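Engineer: Take this structure, written in structure tokens, and hold onto it; I'll ask about it next.
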Ligand SMILES: Cc1ncc(C[n+]2csc(CCOP(=O)(O)OP(=O)(O)O)c2C)c(N)n1
């Protein structure tokens, strides 16, 4: 296994001084090391993977240097546009190294949403005519591979992609303290808040939940309480798009409320969608953001939500109303108020980072879930 500290030191020695990306579970140890050890001038957690490529381009324009862009391959699609139409050798020719967590690698068991992306990864890179390789798991070989990646990117003025297999990085010898419960003991967990919210919503709403643990928690809650959950659409991939999906449902749903259950990282990833939701003004659209301040599902790296007044932002972007709560006691009254006024409305729910390690995963296939959802929402 690769020690993240040595890995980063080696990159620094080799002239890579700027790190940016969106965190990934396979890169969790590396991400936490970068987060705890590098100064803020040298590391930016981007809103989405395309924005990370943008940051790397800007860094090169000012410094002439190569950046490291890290991401999960689920987010690779977000990079395709700025890679091909800006950084590519045929356009501006901007060197950078992309370190891509390879979920769904053929031969490695993974969730359904990762399988296809993992299988086509190599072909995708070939089609994009990008130089690429796989990171060896042995420390000195990994260092050598990164040296070649950086040198090639520099020499050819192009992006270079390094795919990272599962369990490549080990924890750093002194593991940094994760986003701690100690700072936020009074806040409910996401799972507790979700249970109260779902009970308040009742049986008739249509719900679209975001990527990561929240959808797993929702699925498990339905199982545990014997509810069918057939009106829940779990956005297992496509992080950041749950709100658009919910809006798409709401556009042709005449009566029932459509609730988007979002994360702060996901909401920030495509924040412009809020303006579009507001612009179309479906009064049945409700947006709940479970704000734990971090990308909890992939290791707890901070999002930029700390500087955002989310309720004020939603109102400024045109939502009819917005509220923010930090205790479960006030939740029922806030929900009732928002419902009475009508959507589009946003409820920010402050929750504490962390999740139960043994949380279940959907047992139905995505195709089965989709069919059950469509049957349920088209039936009534
Ligand atoms: C486009 C894309 N980028 C990255 C990921 C990896 N990923 C899955 S969940 C997640 C974090 C989500 O954070 P947030 O929305 O704040 O929800 P939380 O996990 O904190 O509940 C990330 C980065 C992904 N699935 N898709």
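Residue numbers (the working numbering): 490 to 869. All C-beta atoms, glycine included, are put in the ideal place defined by N, C-alpha and C. As the structure is a computational prediction, the values presented were derived from the model and not from experiment.
Which full runs of the beta strand (DSSP E) of 3+ residues lie inside the region 506-551, going along the chain?
Structural biologist: Correct list: 507-510 and 532-534.
Engineer: Could you give the residue range of the alpha helix (DSSP H) that holds residue 622?
Structural biologist: That residue, residue 622, is in no alpha helix (DSSP H); its beta strand (DSSP E) goes 621-623.
Engineer: Would you tell me roughly how many angstroms separate the C-alpha atoms of residue 559 and residue 680, rounded to the nearest one?
Structural biologist: So the two alpha carbons sit approximately 29 Å from each other.
Engineer: Let's see if you can read the secondary structure: which residues bound the beta strand (DSSP E) around residue 839?
Structural biologist: Looking at the DSSP string, the run of the beta strand (DSSP E) that includes residue 839 is 834-839.
Engineer: Throw me the rounded Cβ distance for the residue 810 and residue 830 pair, which I believe falls under 8 Å.
Structural biologist: The Cβ separation is near 5 Å, so the contact holds.
Engineer: Beta carbon of residue 728: closer than 7 Å to some heavy atom of ligand 1?
Structural biologist: It does: the Cβ of residue 728 is within 7 Å (strictly closer) of some heavy atom of ligand 1.
Engineer: Could you name each continuous beta strand (DSSP E) segment of 3 residues or more that falls completely within the region 613-657, going from the start of the chain to the end?
Structural biologist: With a minimum length of 3 residues, the continuous beta strand (DSSP E) runs that stay inside the region 613-657 are 621-623 and 648-653.
Engineer: Cα separation between residue 858 and residue 544?
Structural biologist: In a straight line, the C-alpha of residue 858 is about 38 Å away from that of residue 544.
Engineer: Cβ-heavy atom distance between residue 567 and ligand 3 below 7 Å?
Structural biologist: Among the ligands modelled here, namely ligand 1, ligand 3 does not occur.
Engineer: Tell me the rounded alpha-carbon separation between residue 635 and residue 500.
Structural biologist: Rounded to whole angstroms, residue 635 to residue 500 spans 7 Å at the Cα level.
Engineer: Which value, in whole angstroms, describes the spacing of the CA atoms of residue 791 and residue 511?
Structural biologist: If you take the alpha carbons of residue 791 and residue 511, they lie about 10 Å apart.
Engineer: If you scan the region 771-855 from start to end, which runs of the beta strand (DSSP E) of 3 or more residues do you find wholly inside it?
Structural biologist: List check, beta strand (DSSP E) in window: 774-780, 810-814 and 834-839.
Engineer: Would you list the one or two residues that DSSP bridges to residue 559?
Structural biologist: Its beta-bridge partners are 510 and 588.
Engineer: Mapping DSSP to helix, strand and coil, what is residue 754?
Structural biologist: Residue 754: helix per DSSP, three-state reduction.
Engineer: What three-state label does DSSP hand residue 697 in the structure shown?
Structural biologist: Of the three classes helix, strand and coil, the one that applies to residue 697 here is strand, per DSSP.
Engineer: When burial is assigned at 16 or more other CB atoms within 10 Å of the CB, is residue 706 buried or exposed?
Structural biologist: Label assigned to residue 706: buried.
Engineer: Could you give the distance in angstroms between the alpha-carbon of residue 722 and the alpha-carbon of residue 552?
Structural biologist: Each residue's alpha carbon lies about 45 Å from the other.
Engineer: Looking at C-beta atoms only, is the number of pairs between the region 795-809 and the region 861-869 that lie closer than 8 Å three or more?
Structural biologist: They do not touch, by the three-pair rule.
Engineer: Am I right that residue 587 and residue 505 are in contact with their C-beta atoms under 8 Å? What's the rounded C-beta distance?
Structural biologist: The Cβ separation is near 12 Å, so there is no contact.
Engineer: Got a sec? Which residues, its chain only, sit under 8 Å from residue 795 by beta carbon, not counting five neighbours each side?
Structural biologist: For residue 795, where only same-chain residues beyond five positions count, the Cβ hits under 8 Å are 782.
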